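Chains as they are written, first to last, in the numbering used here: chain A, 1 to 336; chain B, 1001 to 1336. By construction, the Cβ of each residue, glycine as well, lies at the ideal position given by its N, Cα and C atoms. Quick caveat, the model's predicted, so the values are computed rather than measured. Read through the structure below, which is laid out as C-alpha cells, and then see the notes.
There are 2 protein chains.
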Amino acid sequence: MWFPVGFTTRIAAMAFIAIFAASSAFGQQDPLPSWNDGAAKQAIEGFVEKVTEEEGPDYVAPDNRIAVFDNDGTLWVEHPAYTQLVFAIDRVKALAPEHPEWKDKQPFKAVLEGDMKTLAASGQKGIAELVMATHAGMTPAEFETIVEDWLAEAKHPRFKKPYTELAYQPMLELLSYLRDNGFKTFIVSGGGIEFMRPWTDRVYGIPPDQVVGSSIKTEFQDKDGDPELMRMPAMNFIDDGPGKPVGINQHIGQRPIAAFGNSDGDLQMLEWTTAGDGPRFGMIVHHTDAKREYAYDRDTKFGRLDKALDMAPEEGWTVVDMKNDWKQIFPPEPAP
Amino acid sequence: MWFPVGFTTRIAAMAFIAIFAASSAFGQQDPLPSWNDGAAKQAIEGFVEKVTEEEGPDYVAPDNRIAVFDNDGTLWVEHPAYTQLVFAIDRVKALAPEHPEWKDKQPFKAVLEGDMKTLAASGQKGIAELVMATHAGMTPAEFETIVEDWLAEAKHPRFKKPYTELAYQPMLELLSYLRDNGFKTFIVSGGGIEFMRPWTDRVYGIPPDQVVGSSIKTEFQDKDGDPELMRMPAMNFIDDGPGKPVGINQHIGQRPIAAFGNSDGDLQMLEWTTAGDGPRFGMIVHHTDAKREYAYDRDTKFGRLDKALDMAPEEGWTVVDMKNDWKQIFPPEPAP
Chain A
1 MWFPVGFTTR
11 IAAMAFIAIF
21 AASSAFGQQD
31 PLPSWNDGAA
41 KQAIEGFVEK
51 VTEEEGPDYV
61 APDNRIAVFD
71 NDGTLWVEHP
81 AYTQLVFAID
91 RVKALAPEHP
101 EWKDKQPFKA
111 VLEGDMKTLA
121 ASGQKGIAEL
131 VMATHAGMTP
141 AEFETIVEDW
151 LAEAKHPRFK
161 KPYTELAYQP
171 MLELLSYLRD
181 NGFKTFIVSG
191 GGIEFMRPWT
201 DRVYGIPPDQ
211 VVGSSIKTEF
221 QDKDGDPELM
231 RMPAMNFIDD
241 GPGKPVGINQ
251 HIGQRPIAAF
261 GNSDGDLQML
271 EWTTAGDGPR
281 FGMIVHHTDA
291 KREYAYDRDT
301 KFGRLDKALD
311 MAPEEGWTVV
321 DMKNDWKQIF
331 PPEPAP
Chain B
1001 MWFPVGFTTR
1011 IAAMAFIAIF
1021 AASSAFGQQD
1031 PLPSWNDGAA
1041 KQAIEGFVEK
1051 VTEEEGPDYV
1061 APDNRIAVFD
1071 NDGTLWVEHP
1081 AYTQLVFAID
1091 RVKALAPEHP
1101 EWKDKQPFKA
1111 VLEGDMKTLA
1121 ASGQKGIAEL
1131 VMATHAGMTP
1141 AEFETIVEDW
1151 LAEAKHPRFK
1161 KPYTELAYQP
1171 MLELLSYLRD
1181 NGFKTFIVSG
1191 GGIEFMRPWT
1201 DRVYGIPPDQ
1211 VVGSSIKTEF
1221 QDKDGDPELM
1231 RMPAMNFIDD
1241 GPGKPVGINQ
1251 HIGQRPIAAF
1261 GNSDGDLQML
1271 EWTTAGDGPR
1281 FGMIVHHTDA
1291 KREYAYDRDT
1301 KFGRLDKALD
1311 MAPEEGWTVV
1321 DMKNDWKQIF
1331 PPEPAP
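Written as C-alpha cells, this is what we have:
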C-alpha cells in the first residue's frame, strides 16, 4: 500500500484529534457539571456505568437503553401554572373578539375577567374546554405556527424570560449524558404532544417522533383536492398517570429502563419502568428551592407530589433535592 | 506533539481503512444492486441525490428526511393472505380446546372447519372478532413471545420459508440506502403494531418506536402490586386508508417527504406525503410477477390496488413494475 506522505500525516493528525476529543468528552470532563457531588449524581452515574459495561452482569444493549422524561416540572418550570395553560388563556384572550358569546360563558368568562379562582374551580373539565376552543379547528402545521409565535413573545411572570429558556440546566446535561452513552431519550408528558413538538428538538435535543403526550383527535380531510389533517375538538388520549405506561407502550413499544418524573402523574410510569427485569432507574425531581425556583410537593395544583414521594424509598427511586443537588437551575445567560 | 511511531502508523492505517470503506459504500458500489436500471431506480436515486445536495435548491435537512413504508405487500409478501390473518387462524386452532363454544360460533366455526369462503364472507367484522379473541387477554411481552414462537415455526404455503425471510430484497436495499443518506425510516401499516414490533428491527433495521400500525386498547393494571399492561379486546386505532396520515401525525409528528406503498390502503398516505411543499416522493409497488411472486392489483382481497394506480401518473408517483424492475425478489439463501 502506498500513501503520499502529506496525506498520511494529515490523516494521523485528524485521527489524533478525534481520539483526543473523544477522551476529553467521555473521560476527563464532568458530564454533569451542574450537579453537586452527592447521592443523586452518584446514583445516575452508577446506573449508566453499570448498563454500559459490556462485560458486566447488568449490561443493556443500546437498542434497549430507553429513557423517558416527564416534561412539566421535570425538564422545565411548571409554576405558577403549566405553560400550556398560560398559552390557552392567552389564546382565549386573542380569540375573544371572534367569540362575543364567551363574555357570558364559563370558563371563558373567568379567563377574560382574570378570575383565576373561578377558572381553577372549573377543574379538568373547564381546562379541557379551553383546550378544545383554542387548540382545534386548524391543521397541525397551523397550530405549530401559533405555538412558535406565542413562545417567541411570551415571558414567564417571575423570571421574565421565554419559557423555552427555563429548562433545567442539570436535566439538559443529563439528557446529553444519557444520549452520549447510547440511550434514546423520550418525553412522556401529560401536556399536549403538538404543543411540545415544535421546540423539543431545539431545547432538549429530542425530535418530534420521540415526544409522547396527550392529544386531541385529528381527522384526514380532502379539502378541494388538497389532502389535509384537521385538529378536532375532542380528546384522543390523556397521557397522564396510568395513561403514561399505555402511551409509552403504544408509542415506544418497549419498557424503558429509566424514568424521570416529578409528580404523582408520573407514578405509574415510574412503577412500570422500575418493575421490569434487569437494571432499572427511577428518579423524582423534588422542588425544594423556593429561592432559585419553587418549593412545592403535596399541596399544589400543578405537579402535586405525594404518593410517589412516599413510595420512593421502598421502590428505590432516587429523589433529587433541587436545592442541594443542583448547582444551578437554568442555563447560563448567553453572552450579550 | 509527540507520537510513538507504531501508534501513528496504526492510526493512519485505521483511518485509511475507514475512508476506503466509506468511499466504497457511498461512491463506488451500487447501493441498489437488486434493482434493474430503469425509470424506478433512476427516480429513487434522483430524489435522494436532490434532497441530500447541500448547496442544491431541493436540499432537505436530515431531521426532515422522514420516509414511511407500508408493510404488507410493500416490504414483505401479503399473498395468498396477510401473514397476521394466517397467525390469527393458527391461534384460533391452538386455542380451540379451551373454547368448545367456538365449534358452533362464526367466524370461529369457519376457521376450525377450514371454510375460508364463510370466513371471507364474515368480512372485516369477522376478522376483527378473530383478532380480539387471539390478540387480547395478555401483556404486550406475553403477546410478543407468542408472535416470535409462531414466526419461528410457521412457513409460507408456497415458498416454504419463514415469513420473515420473505421480505423483498430490493426494498431492504432501499431502506438501507435511505438510512445511509440520513433518512429516518418508519413502517406505517394497517397491520397490528405489536405483531410487527418483535421482528422489524431484525428484518428491516427498523426499531420498535419507528413502527406505526393498528392497535387494540391496552390498559394499565396493578396486579397484586405488580404493575402491568393488559391487552384488551377492543380496537384502539385503525392505521389504514385515511388513518395512515393520522397515525403518521400522531406518531412521527411531521409530514414525511417520501412514502412507499402498494395498495389503495396507502392512497391517503401517498396523497398527504406528496402534497407537501418542497421535494416529495411517492412510490407504489405493483405486483406484476406471477412467476417469482404474485400478480394482482384491482381484483384481490388482499392489497387491492385500483384508485391509487389510476392516480399515479397525474400525481407523479413512481410505479414499480416488480417483474421488470426487480432483479431478484427475495434475499439470497444463506450458505448452508
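Checklist entry - Going by alpha carbons, who is nearest to Q1106 (chain B) out of B:T1288, B:A1121, B:T1074, B:H1251? => result B:A1121
Item to check | Bridge partners - G1192 (chain B), DSSP secondary structure assignment | outcome: B:S1214
Item to check | Reference Q1250 (chain B); option with closest CA among A:V285, A:I193, A:F260 | outcome: A:I193
Next on the checklist: Could you check whether the Cβ of K1184 (chain B) sits closer than 7 Å to any heavy atom belonging to the ligand MG?
Outcome noted: What this structure holds is no ligand at all, so the ligand MG is not there to describe.
Item to check | beta strand (DSSP E) segment containing N1249 (chain B), residue limits | outcome: Careful: N1249 (chain B) lies outside any beta strand (DSSP E), inside the alpha helix (DSSP H) at 1243-1251.
Checklist entry - Helix, strand or coil: which one does DSSP assign to W1326 (chain B)? => result strand
Checklist entry - What residues match up with L1229 (chain B) in a beta bridge as DSSP calls it? => result B:F1220
Next on the checklist: I want to verify the contact list: residues of chain B whose CB lies under 8 Å from the CB of I238 (chain A), in sequence order.
Outcome noted: Result: empty, since nearest Cβ-Cβ is about 12 Å, beyond 8 Å.
Next on the checklist: Is there a C-beta anywhere in chain B that falls below 8 Å from the one on Q268 (chain A)?
Outcome noted: yes
Next on the checklist: Which residues of the stretch 271-304 of chain A have a Cβ closer than 7 Å to any Cβ of chain B? Give them in chain order.
Outcome noted: E271, W272, A275
Checklist entry - So T1218 (chain B) and R1231 (chain B) are in contact, right, with Cβ under 8 Å, and what is the actual spacing, rounded? => result 6 Å
Checklist entry - Taking 8 Å as the CB-CB cut-off, is F195 (chain A) touching chain B? => result no
Checklist entry - Since L229 (chain A) meets chain B, which of its residues come closer than 7 Å, beta carbon to beta carbon? => result P1245, V1246, N1249
Item to check | Cα-Cα separation between A1096 (chain B) and L1112 (chain B), rounded to whole angstroms | outcome: 8 Å
Next on the checklist: Just to confirm the assignment, what range does the alpha helix (DSSP H) spanning V1131 (chain B) have?
Outcome noted: 1123-1135
Item to check | Within 8 Å, strictly: CB atoms of W272 (chain A) and P1227 (chain B) | outcome: yes
Checklist entry - Would you say D37 (chain A) reaches chain B, if we count a Cβ-Cβ gap shorter than 8 Å as a contact? => result no
Item to check | Among B:G1303, B:D1180, B:F1195, the one whose alpha carbon lies nearest that of T1052 (chain B) | outcome: B:D1180
Checklist entry - DSSP state of V319 (chain A), grouped into three classes? => result strand
Checklist entry - Which one of A:A275, A:A43, A:G38 has the shortest CA to CA distance from M283 (chain A)? => result A:A43
Next on the checklist: Just to check my reading of the structure: P1245 (chain B) and Q1268 (chain B) have Cβ atoms closer than 8 Å, yes? What is that Cβ distance to the nearest angstrom?
Outcome noted: 5 Å
Item to check | Supposed contact pair K184 (chain A) and R280 (chain A) - C-beta distance, whole angstroms, cut 8 Å | outcome: Going by Cβ atoms, the distance from R280 (chain A) to K184 (chain A) rounds to 16 Å, so no, they are not a contact pair.
Checklist entry - Along chain A, in chain order, which residues have C-beta atoms closer than 8 Å to that of F1330 (chain B)? => result Chain A residues near F1330 (chain B): none, gap ~26 Å exceeds 8 Å.
Checklist entry - Helix, strand or coil for N1236 (chain B) per DSSP? => result strand
Item to check | Whole-Å CB distance - A261 (chain A) paired with D72 (chain A), under 8 Å assumed | outcome: One detail in the question is off: residue 261 (chain A) reads as Gly in this sequence, not Ala. At roughly 10 Å, the Cβ-Cβ gap does not stay under 8 Å, so G261 (chain A) and D72 (chain A) are not in contact.
Next on the checklist: Which same chain residues end up closer than 7 Å to A1021 (chain B) when comparing Cβ atoms and leaving out the 5 residues on each side of it in sequence?
Outcome noted: Confidence at A1021 (chain B) is low in this model, with a pLDDT of 48, below 50, so its placement is unreliable and the value that follows should be read with caution. Correct list: empty, nothing qualifies.
Next on the checklist: Against P1242 (chain B), what residues of chain A qualify as contacts under a CB-to-CB distance less than 7 Å, listed in chain order?
Outcome noted: F220
Item to check | T134 (chain A) classed as buried or exposed, judged by whether at least 16 other C-beta atoms fall within 10 angstroms | outcome: buried
Next on the checklist: What would DSSP say about V1060 (chain B), mapped onto helix, strand or coil?
Outcome noted: coil
Checklist entry - So, does the CB of G1261 (chain B) fall closer than 8 Å to a CB anywhere in chain A? => result no
Item to check | Contact with chain A by W1317 (chain B), beta-carbon distance below 8 Å | outcome: no
Checklist entry - Three-state secondary structure (DSSP) at M171 (chain A)? => result helix
Checklist entry - Where do the ends of the beta strand (DSSP E) carrying M283 (chain A) lie? => result 281-288
Checklist entry - Which residues bound the beta strand (DSSP E) around G1276 (chain B)? => result Run containing G1276 (chain B): none; DSSP gives neither H nor E here.
Checklist entry - Per DSSP, what kind of secondary structure is K1184 (chain B) in: helix, strand or coil? => result strand
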